[in-house]
Structure formats: structure tokens, C-alpha cells
Amino acid sequence: MGSSHFLVQAAIYLSSAIFLVPLFKRLGLGSVLGYLLAGVLIGPYALKLIPDPKQVLQFSEFGVVLMLFLIGLELESQKVWQLRKILFGLGGLQVLSTLALVSFAVHLMNFAWPIAIVIGMGVAMSSTAIGLTSLTEKKLLASPGGQASFATLLFQDLSVIPLFMLLAFIAPNTKAGFDLWAVVKAIAAIAAIIFASRTLLRPIMRMVAQTGIREIFVAFSLLLVIAVSLAMQFVGLSMALGTFLAGVLLADSEYKYELRLDIEPVKGLLLGLFFIAVGMSVDISLLAHSPMIIFGFAALLVFTKMIILMGLGRLFNYSFRDRLLYAVTLSQIGEFAFVIFGVALSQHTIPRETYNISNAIVAVSMLSTPILLLIYNRYVSIQCSERPKDAINENNAVIIAGFGRFGQIVGRVLQAKGIAATFIDNDPNQVDLMREFGWRCYYGDASRLDLLLEAGIAKAKLFVISVNDPVAALSMAKLVKERWPEVAIVVRARSRTDAFDLRDLALNPIRETFYSALEAARQALLAVGETSSSATKIIQLFEQHDLERLKASQNIRQDKRALLSMTAKGREDLKALLLLEKTLTEP
Numbered sequence: 001m002g003s004s005h006f007l008v009q010a011a012i013y014l015s016s017a018i019f020l021v022p023l024f025k026r027l028g029l030g031s032v033l034g035y036l037l038a039g040v041l042i043g044p045y046a047l048k049l050i051p052d053p054k055q056v057l058q059f060s061e062f063g064v065v066l067m068l069f070l071i072g073l074e075l076e077s078q079k080v081w082q083l084r085k086i087l088f089g090l091g092g093l094q095v096l097s098t099l100a101l102v103s104f105a106v107h108l109m110n111f112a113w114p115i116a117i118v119i120g121m122g123v124a125m126s127s128t129a130i131g132l133t134s135l136t137e138k139k140l141l142a143s144p145g146g147q148a149s150f151a152t153l154l155f156q157d158l159s160v161i162p163l164f165m166l167l168a169f170i171a172p173n174t175k176a177g178f179d180l181w182a183v184v185k186a187i188a189a190i191a192a193i194i195f196a197s198r199t200l201l202r203p204i205m206r207m208v209a210q211t212g213i214r215e216i217f218v219a220f221s222l223l224l225v226i227a228v229s230l231a232m233q234f235v236g237l238s239m240a241l242g243t244f245l246a247g248v249l250l251a252d253s254e255y256k257y258e259l260r261l262d263i264e265p266v267k268g269l270l271l272g273l274f275f276i277a278v279g280m281s282v283d284i285s286l287l288a289h290s291p292m293i294i295f296g297f298a299a300l301l302v303f304t305k306m307i308i309l310m311g312l313g314r315l316f317n318y319s320f321r322d323r324l325l326y327a328v329t330l331s332q333i334g335e336f337a338f339v340i341f342g343v344a345l346s347q348h349t350i351p352r353e354t355y356n357i358s359n360a361i362v363a364v365s366m367l368s369t370p371i372l373l374l375i376y377n378r379y380v381s382i383q384c385s386e387r388p389k390d391a392i393n394e395n396n397a398v399i400i401a402g403f404g405r406f407g408q409i410v411g412r413v414l415q416a417k418g419i420a421a422t423f424i425d426n427d428p429n430q431v432d433l434m435r436e437f438g439w440r441c442y443y444g445d446a447s448r449l450d451l452l453l454e455a456g457i458a459k460a461k462l463f464v465i466s467v468n469d470p471v472a473a474l475s476m477a478k479l480v481k482e483r484w485p486e487v488a489i490v491v492r493a494r495s496r497t498d499a500f501d502l503r504d505l506a507l508n509p510i511r512e513t514f515y516s517a518l519e520a521a522r523q524a525l526l527a528v529g530e531t532s533s534s535a536t537k538i539i540q541l542f543e544q545h546d547l548e549r550l551k552a553s554q555n556i557r558q559d560k561r562a563l564l565s566m567t568a569k570g571r572e573d574l575k576a577l578l579l580l581e582k583t584l585t586e587p
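For the sequence shown, position 227 (counting from the first letter as 1) is numbered 227 according to the working numbering, and the numbering increases by one without interruption.
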């Protein structure tokens, strides 16, 4: 019966995730919000399919631990050292200032100092799982704001022991002082992890790898993370901090990629389970009974925290866009607040009613972050940058919109031939980087009419569109085609669908991966025994055949049945074409 009950629960978790997460991704709302809503629906306060979320929440927190280990694998120790200023400076100020200001504000609302401090401690923490997952999903982790968020979350993990000591100090009827033994144990544990990672782990991993049994290496990878987690938990430190440190120390090892491949699938499942468990902990009955209190306080605390974070970002000279990203990412109250409030309740520092309401506020605040990041990513990151567009004082015959990897190659070829071009990009970091390398690159949105006029589009001979966003590329192409039909347009298409849209404008788009894939196919033919001339001829025939199919399917692309029929016929035609070519060329 026990195993049957487990399988039923597993089926409920997986079904809810499979239904809601792809739906939310398709709607552009992100996977985290899908997992959270799935948890709300199947939890004990809605459909009651899962009665108790506490056990699964504790188990699924291991997903956060695995995520920090994988992030550590991507960072070498030198990179972490480069983050020391924001790690200890920005991170330390964030924890201290948020704790102090929120505690003072709560005390002004007639709460006793111990209760106010406990709430301040909880609010000072942010969710590592939600913050880093959302940043990674939206490809913002490498940005300055993303790096500031990451370093601050790391410092929050470092602050666990001091916060627990503060909890003990403010507990009623408790004589607590500075716990030197706890500090010694923590330092010893970190030293042991560093020593083992540098001296013992690699020989052991080499021995395990030499067995040639993949399952054993997977088992060892998980055992490594579990062992480090248990060691850190034993000394009272954050499990995530210990595994992150182990990951950093193994970042330059030869087993880095194997470890990542083995742990990534498990991490993804457990992180999803963690978000579901957080959603399950949202007490809908409490929300229905006191909606103004819970939603009001959640909104107030999130807003207050964002104001504090924005101020700290300004103090450390981040741009407005990065300050806002930093504030939005860390605005929620993190999962560690559940632990803080639980310990405070057991020590009789806070009453049961405050504990219940505080947990509900934490859960609601977690729900807010994916929504805020969605708004940031769609609107704020583009329109609220404090950097104005650059003044363009050139009137070159060529204008290139988008100066990433694709645009740079076009620009380098033109430069080598002595052809002057005006480069425009809407990523300020990319513009600054290109200027460091000597390129005259301008910041601005090339889909804007005023900017194109300033860049001299009316006198230009060629407009090259190499931006990543297919919607923006189509918009630029339409604008230039309609207003300046005499200007030649070279445009990049990321997919066959994008190519159709651009061909509707009578353009001949460059399909981004098509020609590199043709070269890969040519090399594959050579590897299986085709002669060089034969492989080249086959690729030429395929290219011609595919272009003809692209033109033929242009007007029937909305008719799925006709498109499938054409695709099937196209495969047979290609086989016949290659067979005929082989017959004609054979002696």
C-alpha cells in the first residue's frame, strides 16, 4: 500500500507539472509560475490531492543544493574572487540594511522587538531557487544585475550561522552568547571541503570513472553532493553554500562536464518539485479570511525591499536597468524564512498566529517574482534604460543593425575591403565592449524611424539586419522596404518560419544555420566514404532542392495537410535526384 500511495502522489506531481508548466511557458509567463500554480491547485488548501507539503518541501530543497553545485562548476575560483566586492560589500549591506530597516518598521507597528527582528531576518532573505532559476531561464544571469543578485544570494547563505545565533540571543528565557564552537566547526568544515576537493576527490573520481559503468559515476556524483550537504548541515551552515564551494573547486577538473551531465536532470526535477511544494504551502483559507492583511503586507514588504535594493544598487554604481533587475530578482522573501519562523515559533519568540500569517506572506511574495521579472523582461529592460540613444554623426553607405556574432562577421569583411559601415546595437554592454575593441558602434533601437534617419538611411545603399529578435528584424525590414525601397536589404532569418515572413516582403533572407548545417553534412559524407567531388555535388543539389521547396511551400505554409504532403513528396524527389546524379556520374 505504501508504494502504491507513493506512486499516486508521484503521478499527481508529474501530471500537474506536465499540464501547467508548458502552458505557462507558451504564454510567456515562465516555468516557475507554472510550478507554483500547480502546487497551489494540488495542495491541501485547494483540491487537497496532496495533504502535507512539508515533507516534500524538505526533500525537494535538495534541488536548490544541486543547482548551486552546478553553478559552482561553471565558475572557477578566480571568478569567485573577482566577485568578492559585491559578495561581501553589496551582499553584506543588503542583509544588514534590510534586517535593520524592516525590523524598525515592524516595531513601529506595535510589534515587540523580538518579533520585529524575526520578521526582519526573514524578509532579509531571498529565494535562491526562484531568483537563479528565473535569471537563468531568461538568460539574465550573466548581466551585471544578474551577477549582483547571485553574489548577494551567496552572501545570504553565508549569513546563516550569525542569524541563528541572533535567533537564540533574542529568544525569551534564553541565555545565549557568542557560540565560538559553532564558528570553529563551520571554518573546519569549509577547510575540509577545500582539502578534500583538492587532494582526495580527483583520484577517487578517476577510479570510479575507470570502471566504465555510467550508473556508478552518477551514483558517486549524487553521493558527493549529499555528503557535502550533510557536512554543512551538521555544522549549521547552508547546504547550498557547501555544495557551491565544492562545485567551484571542481570547476577546473577534467570531470566537470560529466558531473554536470549526470546531475542536471535530477536537479531539474527536484527544483520543479520544490516550486510545487512552495505553491502547496499557500494557505488559501487564510488568504480568503485575511486577504487584505496578507496581500497588503506581501506587497508592502516586496516594495520596501525593492526600494532598499535599488538604493544599494545605486550606491554600487549599477545602471538603472541593472539596479531594477537586482531589485526585482531579490524582492521576494526566500524559503529560508520558513526555517527562521519555525525556529522562532519553537523558541516561543513569535506566536502561532504571527507564524501562520508570516508563512502565507512569504509564499505570496514568492509568487510575485516571476510576474515582476516577466514585466521587467518584456517592457522595462528595453524602455526604461537610463542610457539615451547615441548621436550618430556618420552617413555611411552601409548600416548594420545588430552587432553580435553574426553582424561582426559582416562588419569585419566590409572593413577588410575598406567599406565604411555604421553599426547600431540595442545592448549597451555590447556597444561598450565593441568600442573597447576599436569599433565605432552606436547604442540605439534600429527599428525606430528617427534613429534610422539620423544614421543616414535615406542615402544608404545597404541595410544589414542581424539582430537576434525575429520580430524586431521583421519590423525593421518592413520599415525600410516601405519607405526606402531602393535600399538593398540583407537580413538574417533564425528559422524557416522567419524566412517565410521575410520572403513575403520580397527579400532573400540568409537562414542562420542552413549553410553551416550544409557544411556539416558535407563533412559527414566525407567521413562515411564519399569522395570530395561527390560530396560537394550532393550538397549543391540538396541546397538547390531545398530552396525550390522553400519557394513552393511559401503560399501553403498555413495548410498543414498540404505541407505534409509536399514534405513527403520532397523526400522522394530528393532521393530520385541524388540517384540520377549518381547514375550519370558513374563510369
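Built from N, CA and C at the ideal position, the CB exists for glycine as well.
Owing to the predicted nature of the structure, the values given are computational and were not obtained by experimental measurement.
Distance, residue j Cα to residue i Cα
{"i": "Thr513", "j": "Ser149", "result": "34 angstroms"}
{"i": "Leu588", "j": "Ser221", "result": "There is no way to answer for residue 588, as the model of the chain reaches only from 1 to 587."}
{"i": "Ala397", "j": "Pro470", "result": "24 angstroms"}
{"i": "Ala188", "j": "Ala124", "result": "27 angstroms"}
{"i": "Ala299", "j": "Thr98", "result": "16 angstroms"}
{"i": "Tyr326", "j": "Met207", "result": "43 angstroms"}
{"i": "Leu261", "j": "Leu73", "result": "11 angstroms"}
{"i": "Gly279", "j": "Phe155", "result": "26 angstroms"}
{"i": "Phe297", "j": "Val21", "result": "28 angstroms"}
{"i": "Ala472", "j": "Arg494", "result": "12 angstroms"}
{"i": "Leu14", "j": "Leu230", "result": "28 angstroms"}
{"i": "Ala112", "j": "Leu153", "result": "28 angstroms"}
{"i": "Leu450", "j": "Leu479", "result": "Reading off the sequence shown, one finds Asp at residue 450, where the question assumed Leu. Rounded to whole angstroms, Asp450 to Leu479 spans 12 angstroms at the Cα level."}
{"i": "Ala499", "j": "Arg511", "result": "7 angstroms"}
{"i": "Met476", "j": "Ser447", "result": "5 angstroms"}
{"i": "Met165", "j": "Leu47", "result": "40 angstroms"}
{"i": "Leu200", "j": "Leu315", "result": "43 angstroms"}
{"i": "Arg378", "j": "Ser253", "result": "39 angstroms"}
{"i": "Ala219", "j": "Pro370", "result": "33 angstroms"}
Residue i in three-state terms, based on DSSP
{"i": "Leu330", "result": "coil"}
{"i": "Asp425", "result": "strand"}
{"i": "Phe195", "result": "helix"}
{"i": "Ile50", "result": "coil"}
{"i": "Tyr45", "result": "coil"}
{"i": "Ile419", "result": "coil"}
{"i": "Arg260", "result": "helix"}
{"i": "Pro291", "result": "helix"}
{"i": "His348", "result": "coil"}
{"i": "Ser143", "result": "coil"}
{"i": "Asp501", "result": "helix"}
{"i": "Pro22", "result": "helix"}
{"i": "Leu315", "result": "helix"}
{"i": "Ile205", "result": "Looking at the sequence itself, residue 205 is Met, so the reference to Ile does not match. Note: Met205 maps to helix in three-state DSSP."}
{"i": "Asp157", "result": "helix"}
{"i": "Lys138", "result": "coil"}
{"i": "Ser385", "result": "Residue confidence is low: Ser385 scores 49 on pLDDT, short of 50, so the model does not pin down where it sits. Its coordinate-derived value is still stated next. DSSP places Ser385 in coil when its eight states are reduced to three."}
{"i": "Met125", "result": "coil"}
{"i": "Pro162", "result": "helix"}
{"i": "Phe437", "result": "coil"}
{"i": "Thr211", "result": "coil"}
Selection from the options that minimises the alpha carbon distance to residue i
{"i": "Val490", "options": "Ala246, Phe406, Leu7 and Phe88", "result": "Phe406"}
{"i": "Ser143", "options": "Ser319, Pro509 and Ser346", "result": "Ser319"}
{"i": "Tyr443", "options": "Gln210, Ile213 and Asp432", "result": "Asp432"}
{"i": "Val95", "options": "Ala240, Ile119, Tyr257 and Ile130", "result": "Ile119"}
{"i": "Gly146", "options": "Glu353, Ser368, Pro162 and Thr128", "result": "Thr128"}
{"i": "Pro509", "options": "Thr531, Lys551 and Ala527", "result": "Lys551"}
{"i": "Ala460", "options": "Ile409, Ile400 and Leu132", "result": "Ile400"}
{"i": "Pro351", "options": "Asp427, Ser60 and Pro172", "result": "Pro172"}
{"i": "Ser553", "options": "Ala517, Lys138 and Asp501", "result": "Asp501"}
{"i": "Phe169", "options": "Lys85, Pro265 and Ala344", "result": "Ala344"}
{"i": "Pro51", "options": "Arg412, Ser60, Ser281 and Ala363", "result": "Ser281"}
Extent of the continuous beta strand (DSSP E) to which residue i belongs
{"i": "Arg492", "result": "Ala488 to Ala493"}
{"i": "Leu462", "result": "Leu462 to Ile465"}
Residue span of the alpha helix (DSSP H) that contains residue i, given as start and end
{"i": "Ala401", "result": "No alpha helix (DSSP H) holds Ala401; the beta strand (DSSP E) holding it covers Val398 to Ala401."}
{"i": "Ala527", "result": "Phe514 to Ala527"}
{"i": "Gly242", "result": "Met239 to Leu249"}
{"i": "Gly92", "result": "Gly91 to Leu108"}
{"i": "Arg214", "result": "Arg214 to Phe234"}
{"i": "Val471", "result": "Pro470 to Arg483"}
Which residues DSSP lists as bridging residue i, in chain order
{"i": "Tyr443", "result": "Asp425"}
{"i": "Arg511", "result": "Ala493"}
Residue i Cβ short of 6 angstroms to the ligand ATP heavy atom set
{"i": "Val235", "result": "Because no ligand of any kind appears in the structure shown, any question about the ligand ATP cannot be addressed here."}
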